[in-house]
Structures are given as structure tokens and as C-alpha cells.
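Here the protein sequences line up with chains A and B, keeping their order. Mind the numbering: the first sequence is residues 1 to 329 in our numbering, read in order. Mind the numbering: the second sequence is residues 1001 to 1329 in our numbering, read in order. I have placed the structure first, in the form of C-alpha cells, so that the comments after it can refer back to it.
Number of protein chains: 2
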Amino acid sequence: MELSRRHALAGAAALAASPFILNVPARAVAPLADKQAPGFYRYRVGDIQVNAISDGAGSFPLTDAYIANAKKDEINAALARAFLPKDRITTFYAPLVLNIGGKLVLIDTGNGQGAFASSKGNVGQFTTNMVAAGLDPKAIDTVVISHFHGDHVNGLLLADGTPAFPNAEVLVPAAEWKFWMDDAEMSRASGDRMTGLFKNNRRVFEAGLKKKVTPYEWDKDVVPGLLAVASIGHTPGHTSYVLSSGSDTLFVQSDVTNLPALFATNPDWHVMYDQDPAQAQATRHKVYDMLVAEKMRVQGFHYPFPANGFVEKDGNGYRLMPAPWSPVM
Amino acid sequence: MELSRRHALAGAAALAASPFILNVPARAVAPLADKQAPGFYRYRVGDIQVNAISDGAGSFPLTDAYIANAKKDEINAALARAFLPKDRITTFYAPLVLNIGGKLVLIDTGNGQGAFASSKGNVGQFTTNMVAAGLDPKAIDTVVISHFHGDHVNGLLLADGTPAFPNAEVLVPAAEWKFWMDDAEMSRASGDRMTGLFKNNRRVFEAGLKKKVTPYEWDKDVVPGLLAVASIGHTPGHTSYVLSSGSDTLFVQSDVTNLPALFATNPDWHVMYDQDPAQAQATRHKVYDMLVAEKMRVQGFHYPFPANGFVEKDGNGYRLMPAPWSPVM
């Protein structure tokens, strides 16, 4: 048995001499479907139905700014260890729809329709995938926002600026609301990114939702079974959740890490999106140590779809073991 | 931040006192879709489109017979390390449809319609998922069989015993054909399992397909771009493949391992389905050492859907790192 790539190519070259070439007459072939499967995935946490719904993935060149305290070579080495292409970062997005006792609860909303028209449809797929899952945006009872970054809040509005979930109450972390709606904080914002975030949040929550939101506090259930827990650093009000039903639990981490192959493996790396990098790093260790100790299943907004699994300790960091896909609910 | 399960439950208990209970009036909720997403997944290997199509998964109690040379406690420990439930084995099935230059090539066929009526639809989902992927069984040009076990060949026939892929040529490993069609081998078969396999293969290939198959040899392309390589032990003619297009390659391992969490991690374990366990073990090491050395992507019939990834060395064994789900082709 000789299995090398070279041999594979030699095999292809030797083909002309092979008696096994199919000589089927050419016939018309219907144009093949080439769309990816719809990006939704369902599982249960006790009596609760969890629907992980992909908003797609965006890809961009790796820059020096992406991780403040890691060199491009180190990042490329981490990408290589994860069998990912070098010099390129792909970011995945996966909001959740929970069915808790007949109520539909959406956690985070994705990048929104049209916001990424330039992405050629690679991102902004949330609504399409939600509908493919048999879920109607009008049937959403509650939207829970983890933090006020565009990939989590922009989907609150349709392209025309009206609410995307017209029958839903919108619940936001009290600390997050306080920070981003504070004019003094906005006036202190430095740099295009922070200024842009403030402007975007005013657009979404003031112009779009007319401030019709309900702030929620940490250490309380946002909706029955969904406990809000502070996991700050990424933003001042960044929130994760413990979902529980009976003895079954799920940790909904939100953005405690971005891509696990980079930031679970290297929890001390400071991704450019972490507003308070040192605090985010401390939170990352605290959360992932807890996930390891409790063997708790975790769902991550930026994990590759279907974006859930279990965490094990791995050297100085952690490793996400994706949960096996179950073909039935 | 206190994230333990106990706290989560305390949080739920404290709910009655929370001001954040939603007090939305009860309203009619349409019955929720609870079907899992269709089990197909597409990616490219060079110019070739690979469609991994789930045939579902079967689950059964762990028995002492499942692995000849491992104790139940050791198996349960391996399951626990992979965050899988103990005392239970879940087996996944994923045939492939390749689109090579406009020809549709199916590798292995799954358990077949109706064969597992008792599984409540958990297995035998191949045709449903194939149609969901926009692929018509009548459009399959070629069926390539890796080996003659029921979960690979039974899908060749419909429930009424007629061919499921009426326009396809069926290609089978020459060594596999020779073994299972040999009356002397059949008369030497011992035990219910081997006797049953011989009978099943006569049913499928004699009664069903009237022996209309084309045997293929190793180390040659079965169809252009798909090189057959011997990977015996699991059966006498067990075949894997190197798929290549341009500089891009994929190893289609067939049953070199069953569930990777058990048999990539513990390549010396002898699953009950390996006909020549020592040979299968040697093959496993050879193939997985090659996958590590070549960093070659691998697709596995019994890997959890979508059943592909990359292999790294892990202690005395190997570990499958699932490839991230791409939301676009």
C-alpha cells in the first residue's frame, strides 16, 4: 500500500492505460445544486429545544492588528496546527433560537440583511436559515442580546430599518445598555472602531427600536431556564448564559472566545475585538476552567457551525471538542 | 462570577422574585418543526464536488463483544474522554456522492430503505438526504463499493429488491467480489455474523443485481481522479481511495476506523466488525501515519456527520480534528 500524494497523481497519470476508465456515452446532466445545506441544527437541553442557526462566515486577510499580542508567524503556526489556511481568518456566526415551553427566544441576531451585501451572501444568512428551519421571525417572543457588537445586534433591524422581530420583546444587558447609551462614554470614544460602534448602537436602538428594550441584570434568569452571567472584558456588559432544564445544562458563551482554534488554544491572546483585553483574558480562563471542571456542553457564537461541544484542557490552553452531529432531535 | 450548575439551579429557583420574568399573555404557537436539518454537506476537492450524505445513526448498548481486546471499563473511559454517554455505542453512516466532471459517482450506499424499519427512522436516511441535496438516485452514473458489509451495500436495492440506482454501473473491489462470491469461502464461514454476511451478499448481488457489477483493481483510478488503494483487514477486499484534482487531495478511508473517538484514539482496539483484526490494526496505523505525515484531509464513512477532517498524532493513537463547516461551497 502506497498512499502518498505523489502516488495519487501517478495513479491519475497512469489512467490512460487503465482498463477501468468508464466509457459511458455523454448524456445531458441536469445542472447540479451547489448550494450548501441549510445551516441549522437542533438539539435538546432537557425539555428545551436549542436551534443553532448559522449567519454564515466572513473571511479576511490576517493583519498584524488582529491579535495585539501575537505575531503573524505565531498566528499562522496556530492556524497550521488546526489545518486552516495561513494568512487568512474566517469568522463564523451562530445565533440561537431556544424553544422554552412554547416560547421562542432568540439569543443574538447576526449581521443583518444587506449589512454585508459585499460579502456575496457569505454572511447575513441568518433569516434564510431560520426560515429553512421552519421558524418565522414574526413568531419570536423574546430577543436576548449578549452585547452590543454589530454581528450580534444588526440583525435586530431589517434592511429598511424596521424591527426584524416585530412581536418580540428585546432584552439587553443593563450594563451594556448603560455604557453604549451614555453620551459621556460616546464622547470619550477614541478610534474609528469604537466611534463606529457607538454610532451603530444609536442607529439600531434609538433610530430603529426607539429604545423599546428591557434591560436585564446578571445572576438572574432572563427567561425561565436562561440564567444571565457576567463575562465582561469583550465589552463592559458582555453576558453569557447557563441554560438549564432538569439536570441538563448548556453554557452559552457568546464571545468569551472567538475562533476556538486560535483563542481557546491560546486564551491569553488579545483579539482586536476585546475592549478590555486583560479582563477578557481573565474571563476566558475563568469560564473555560469552569467548563472543564463541570464537563458542561458549550455553545459559542463564533465556533464553526453547529457551534457546540465540550472543552478539555490542552497544554496552557483549552480545546473545543465538537459534539457529534445527531441526525435526529 | 459564579457559574456552577448548582448556581444555575439556584438562579432558576430565585426566579419567582425576579423582576425580569416575562409576563407575555399566552398566545397560540404554531407546532414547531422538530426535524433535524437535512444531513448533507458539500465541499470541493479541486474541481470535484464532494457531497457527504448522512444515512443516519444507530445506537445500541455496549456489549463485551463490541471490542474483542478492550474491557467495558476501558471503553467507557474512552467514551467519557470524548464526552459521550457510557454503556452505549452510536454508529454513524455517511456515503459520498462525488460530482467529477459532470458524472455523479456514489461511494457506498448505506443501510437501505426499510432495512432498519425498527430503528424508527434513525438509520436508512440516505435517500431522503440525497434528494434534499437536489440529487436524484436515477442520475447516479457510477456506484463504487468499498466492501461488502450491509451498511455499505444494502442501499444498492430498494425495499422491493430492485436496483436503487437504475442507471448506474456498479463497481466493486475485485478481491472483495472474489471472496464473498466464492462458494468454498461461504461453506467455510463460521458463526452467525459471517454466515449472514455471505447470505446478504448473495441476496444483494445475485438476486438483486443479477451479478451486473464490474470488479476493479487496486492502485488504479476507479473513475478518473479516484484512486483505489488496498486497506484490508476490515474485510479481505476492503478499499480506501485517494481523490485528487489538481494539487488538492482527499483520503476516503471507508472503514479503516469506526467511530474515531474510540478507534483513532485506540488504533489497536479490535472492533467486532474487523474480519482480520491484526491486519486491520496494521492498516489503521499505516493509513493514519500517512494522513498525519501528508496532512491530508480524510472522509470517514463512520465519522460523525459531515464526517471529514484532519488527523493528528495523539499519544499512542490519533485524533480526528473535524474540518470547520463552511456555509458556502
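Glycine included, each C-beta is placed from N, C-alpha and C at the ideal position.
For Thr109/A, report the span of its alpha helix (DSSP H) as first-last.
Careful: Thr109/A lies outside any alpha helix (DSSP H) and carries neither H nor E.
Counting pairs of Cβ atoms below 8 angstroms between the stretch 92 to 112 of chain A and the stretch 47 to 55 of chain A, do you hit three or more?
When C-beta atoms of the stretch 92 to 112 of chain A are compared with those of the stretch 47 to 55 of chain A, three or more pairs fall below 8 angstroms, so the two segments count as touching.
Skipping 5 residues on each side, what residues in its chain have a beta carbon closer than 6 angstroms to that of Trp1177/B?
Only Pro1215 meet the Cβ criterion.
Cβ contact (3+ pairs, closer than 8 angstroms) linking the stretch 259 to 270 of chain A and the stretch 207 to 222 of chain A:
Contact fails: fewer than three Cβ-Cβ distances are below 8 angstroms.
Could you list which residues in chain B have their beta carbon closer than 8 angstroms to that of Met181/A, in chain order?
By Cβ distance, chain B contributes nothing, its closest Cβ being about 19 angstroms from Met181/A, past 8 angstroms.
Under 8 angstroms between C-beta atoms of Asp34/A and Met1329/B:
Yes.
Does the beta-carbon distance from Asn154/A to Val204/A come in below 8 angstroms?
Taking 8 angstroms as the cut-off, the Cβ atoms of Asn154/A and Val204/A count as close.
Mind reading off the beta-carbon distance from Met296/A to Thr249/A? Whole number of angstroms is fine, and I expect it under 8 angstroms.
Contact check for Met296/A and Thr249/A: beta-carbon distance about 6 angstroms, within the 8 angstroms limit, so the pair qualifies.
Kindly say whether Trp325/A, judged by its beta-carbon, lies nearer than 8 angstroms to any beta-carbon of chain B.
For Trp325/A, the answer is yes, since a Cβ of chain B falls inside 8 angstroms of its Cβ.
With 16 other Cβ atoms within 10 Å as the buried cut-off, status of Ala30/A:
Low confidence applies to Ala30/A: its pLDDT is 47, below 50, so where it sits in the model is not reliable, and the reading given next is rough at best. So Ala30/A counts as exposed.
Below 8 angstroms between beta carbons: does that hold for Asn99/A and Gly150/A?
Going by C-beta atoms, Asn99/A is not nearer than 8 angstroms to Gly150/A.
Apart from the five residues just before and just after Lys1138/B, which ones in its own chain have a Cβ nearer than 8 angstroms to its Cβ?
If we look at Lys1138/B and ignore the five residues flanking it on each side, its Cβ neighbours are Phe1165, Pro1166 and Asn1167.
Cβ-heavy atom distance between Pro215/A and the ligand FAD below 7 angstroms?
Ligands displayed in this structure: none; no statement on the ligand FAD is therefore possible.
For Gly300/A, which residues in the same chain have their Cβ closer than 6 angstroms to its Cβ, ignoring the five residues on either side in sequence?
Gln253 and Ala307, listed in sequence order.
For Ser1042/B, count neighbouring Cβ atoms within 10 angstroms of its own Cβ and tell me buried if that reaches 16, exposed if not.
For the sequence presented, residue 1042/B should be read as Arg rather than Ser. Label assigned to Arg1042/B: buried.
Checking contacts by CB at 8 angstroms: is Lys212/A closer than that to chain B?
Lys212/A does not count as touching chain B.
Give a yes or no on whether the minimum CB-CB distance between Gly1056/B and chain A is below 8 angstroms.
Judged by the 8 angstroms Cβ criterion, Gly1056/B is in contact with chain A.
Would you mind working out which of Ser1059/B, Phe1310/B and Phe1040/B sits nearest Ala1293/B, comparing C-alpha positions?
Looking at the Cα atoms, Phe1310/B is the closest of the given residues.
Give me the chain B residues within the contact set of Gly39/A, using Cβ-Cβ distance strictly less than 7 angstroms, ordered along the chain.
Within chain B, Pro1327 have C-beta atoms less than 7 angstroms from the C-beta of Gly39/A, given in sequence order.
Spatial distance of Gln1136/B from Ala132/A (CA atoms):
Looking at the sequence shown, residue 1136/B is not Gln but Asp. A straight-line Cα-Cα distance of about 21 angstroms links Asp1136/B and Ala132/A.
Other residues of its chain near Tyr66/A: CB distance less than 8 angstroms, five sequence neighbours each side excluded
Ile75, Ile89, Val271 and Met272.
Comparing the C-beta of Asn1122/B with each C-beta of chain A, is any distance below 8 angstroms?
Closer than 8 angstroms: yes.
Quick one: Cα of Met1321/B to Cα of Phe1083/B, how far?
Distance between the alpha carbons of Met1321/B and Phe1083/B: 15 angstroms.
Answer with yes or no whether the minimum CB distance from Val1029/B to chain A is below 8 angstroms.
Here the model assigns Val1029/B a pLDDT of 44, short of 50, so the residue's position is not dependable and the matter cannot be decided.
DSSP three-state assignment for Asp221/A, whether helix, strand or coil:
Reduced to three states, the DSSP call for Asp221/A is strand.
Taking the beta strand (DSSP E) that Met290/A falls in, what are its first and last residues?
It is not in any beta strand (DSSP E) - Met290/A instead sits in the alpha helix (DSSP H) that spans Pro277 to Glu294.
Taking only runs that begin and end inside the stretch 136 to 174 of chain A, name each unbroken beta strand (DSSP E) of 3 or more residues, in chain order.
Those beta strand (DSSP E) runs which fall completely within the stretch 136 to 174 of chain A and span 3+ residues are 142 to 144 and 169 to 173.
DSSP three-state assignment for Arg1188/B, whether helix, strand or coil:
Arg1188/B sits in a helix when the DSSP states are folded into three classes.
Shorter than 8 angstroms from the beta carbon of Lys1295/B to some beta carbon of chain A?
Output row for Lys1295/B: interface = yes.
Give me the Cα-Cα distance between Gln1281/B and Pro1304/B, rounded to the nearest whole angstrom.
If you take the alpha carbons of Gln1281/B and Pro1304/B, they lie about 21 angstroms apart.
Rounded to the nearest angstrom, what separates Thr1235/B and Phe126/A at their Cα positions?
Whole-angstrom Cα-Cα distance: 45 angstroms.
Answer with buried or exposed for Asn1266/B, where buried requires no fewer than 16 other C-beta atoms within 10 angstroms of its C-beta.
Classification of Asn1266/B: buried, given that the 10 Å Cβ count is 16 or more.
For chain A, find out if any of its Cβ atoms is closer than 8 angstroms to the Cβ of Gln1299/B; answer yes or no.
Gln1299/B has a beta carbon lying at 8 angstroms or more from every beta carbon in chain A.
Per DSSP, Ser1254/B forms a beta bridge with which residues?
Ser1254/B has Gly1300/B as its beta-bridge partners, per DSSP.
Presumed contact (8 angstroms Cβ cut-off) between Ala37/A and Pro1038/B, rounded CB distance:
Between Ala37/A and Pro1038/B a beta carbon distance of about 6 angstroms is seen, short of the 8 angstroms cut, so the two are scored as contacting.
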